[in-house]
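Colleague: In my numbering, the protein residues as written are 86 to 283.
Where a beta carbon is used, it is the ideal one built from N, C-alpha and C, also for glycine.
Quick one: this structure, given as structure tokens, is what I'll be asking you about.
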Amino acid sequence: MENMFTRVSVTFFLLFLFLNTYSQEYDLSGFELSLDQDHFADLLNEDPLTDRNYTISMRLGFYGALANHTYLGLPWVRQKIDQYTIDNLLYELGFREERESHNFVFTVNGFSPIHISHLTEDFTEAQANGYDFANDRPFSSFTGFRSTRRLEGNKLFVHSAKRLDLAINSSFTFGFSSLGLAKDIENLLGASRPDGVL
């Protein structure tokens with residue numbers, strides 16, 4: 086009898102331990118570094134007259150409970166927005182939360198004109214075909230931070246055996262546009278390009 090009690094106790098302890106670790110978010114659960122630059126894709130591009138909207142993107146972020154810290158600023162704002170919008174609605178509808186995770190990201194996105202310079206090989210031909218700098222988009226960029234929360238859970242329907250699994254993301258982004266970073270990074274990564282009048 087005592088042996089059976091020990092087995093049951095250990096089973097419940099392990100079950101409780103598993104459930105506890107499943108729902109608990111680590112302080113720091115991961116990092117993210119993502120870089121994208123269309124200049125590298127030009128090596129595979131055989132047609133020089135195709136649209137060459139040079140685009141840059143960089144994301145540097147981390148995941149875990151620390152990404153939801155008030156001192157970072159944005160999580161505090163996002164929490165207030167979530168409180169008054171998503172949370173009240175979700176829990177009134179019977180949402181049962183199973184897991185909550187967070188991330189905090191520094192991001193840079195940049196765009197540049199189709200033709201980086203009037204000195205590029207195909208510019209004269211494109212201009213003869215009607216291309217004009219005035220109708221092209223200028224160098225533009227967005228630099229900022231983003232705080233994101235992800236809720237995973239389900240909703241059970243009372244009068245049926247149906248269960249609906251849900252995952253809801255909410256994020257708040259703050260940043261600045263057109264700081265000139267797109268042009269600087271373009272020149273850094275595309276040093277072989279002609280540097281002409283844009």
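What does the Cβ neighbour count give for Phe224, buried or exposed, with the cut at 16 atoms within 10 Å?
Modeller: Indexing the sequence shown from 1 puts residue 224 at position 139. The residue in question, Phe224, is buried, as its Cβ has 16 or more Cβ neighbours within 10 Å.
Colleague: What residue does the alpha helix (DSSP H) around Thr209 start on, and which one ends it?
Modeller: To locate residue 209, count along the sequence shown from 1; it is residue 124. Here the alpha helix (DSSP H) through Thr209 covers 208-213.
Colleague: Helix, strand or coil, according to DSSP, for Lys240 in the structure here?
Modeller: Within the sequence shown, numbered from 1, the residue matching residue 240 stands at position 155. Of the three classes helix, strand and coil, the one that applies to Lys240 here is strand, per DSSP.
Colleague: Could you spell out the range, first to last residue, of the beta strand (DSSP E) harbouring Leu120?
Modeller: Mapped onto the sequence shown, residue 120 falls at position 35. Looking at the DSSP string, the run of the beta strand (DSSP E) that includes Leu120 is 115-122.
Colleague: Measuring CB to CB, does Asp221 end up less than 8 Å from Ile253?
Modeller: Along the sequence shown, read from residue 1 onward, the residue named residue 221 stands at position 136. Along the sequence shown, read from residue 1 onward, the residue named residue 253 stands at position 168. Not closer than 8 Å, so no.
Colleague: Could you have a look at Thr106 and say whether DSSP puts it in helix, strand or coil?
Modeller: For the purposes of this step, residue 106 is identified with residue 21 of the sequence shown, where counting begins at 1. Residue placement at Thr106 is flagged as unreliable, the pLDDT there being 43, under the threshold of 50; the coordinate-derived value follows with that caveat. It is helical.
Colleague: Just checking my contact of Glu177 with Glu110 at CB under 8 Å: how many whole Å lie between their CB atoms?
Modeller: Taking the first residue of the sequence shown as 1, we reach residue 177 at position 92. Taking the first residue of the sequence shown as 1, we reach residue 110 at position 25. With a Cβ gap of about 24 Å, Glu177 and Glu110 do not count as contacting.
Colleague: Closer than 7 Å: is that where the CB of Ala246 sits relative to any heavy atom of the ligand FMN?
Modeller: Looking at this structure, you won't find the ligand FMN or any other ligand, since it has none at all.
Colleague: Taking the beta carbon of Phe257 as the centre, do at least 16 other beta carbons fall within 10 Å, making it buried, or is it exposed?
Modeller: Taking the sequence shown and counting its residues from 1, the one referred to as residue 257 is at position 172. Buried, by the Cβ-count rule.
Colleague: Helix or strand or just coil, what does DSSP make of Leu251?
Modeller: Your numbering for residue 251 matches position 166 in the sequence shown. Strand, per DSSP.
Colleague: With distances taken Cα to Cα, identify the nearest neighbour of Thr228 among Arg235, Val190, Val243, Ala246.
Modeller: Your numbering for residue 228 matches position 143 in the sequence shown. Selected option, being the one with the closest Cα: Val190.
Colleague: On the three-state DSSP scale, how would you describe Ile199?
Modeller: In the sequence shown, the residue the question calls residue 199 occupies position 114. In this structure, Ile199 counts as coil in the three-state DSSP scheme.
Colleague: Going by Cα to Cα distance, which pick from Arg248, Ala150, Gly238, Arg163 is closest to Phe230?
Modeller: Counting from one through the sequence shown, the residue named residue 230 turns up at place 145. Per the Cα distances, Arg163.
Colleague: What does Phe224 pair with, by DSSP beta-bridge criteria?
Modeller: As a first step, residue 224 must be located in the sequence shown, where it is residue number 139. The partner list for Phe224 (beta bridge, DSSP) is empty, contrary to what the question assumes.
Colleague: List the endpoints of the continuous alpha helix (DSSP H) containing Ile166.
Modeller: Position 81 of the sequence shown holds residue 166. Per DSSP, Ile166 belongs to the alpha helix (DSSP H) from 159-167.
Colleague: Rounded to the nearest angstrom, what separates His154 and Glu117 at their Cα positions?
Modeller: Here residue 154 refers to the residue found at position 69 when the sequence shown is read from its first residue. Here residue 117 refers to the residue found at position 32 when the sequence shown is read from its first residue. Each residue's alpha carbon lies about 18 Å from the other.
Colleague: Can the beta-carbon of Asp112 be found closer than 8 Å to that of Leu175?
Modeller: Counting from 1 along the sequence shown, the entry for residue 112 is found at position 27. Counting from 1 along the sequence shown, the entry for residue 175 is found at position 90. No; because the gap between Cβ atoms is not below 8 Å, this pair is not in contact.
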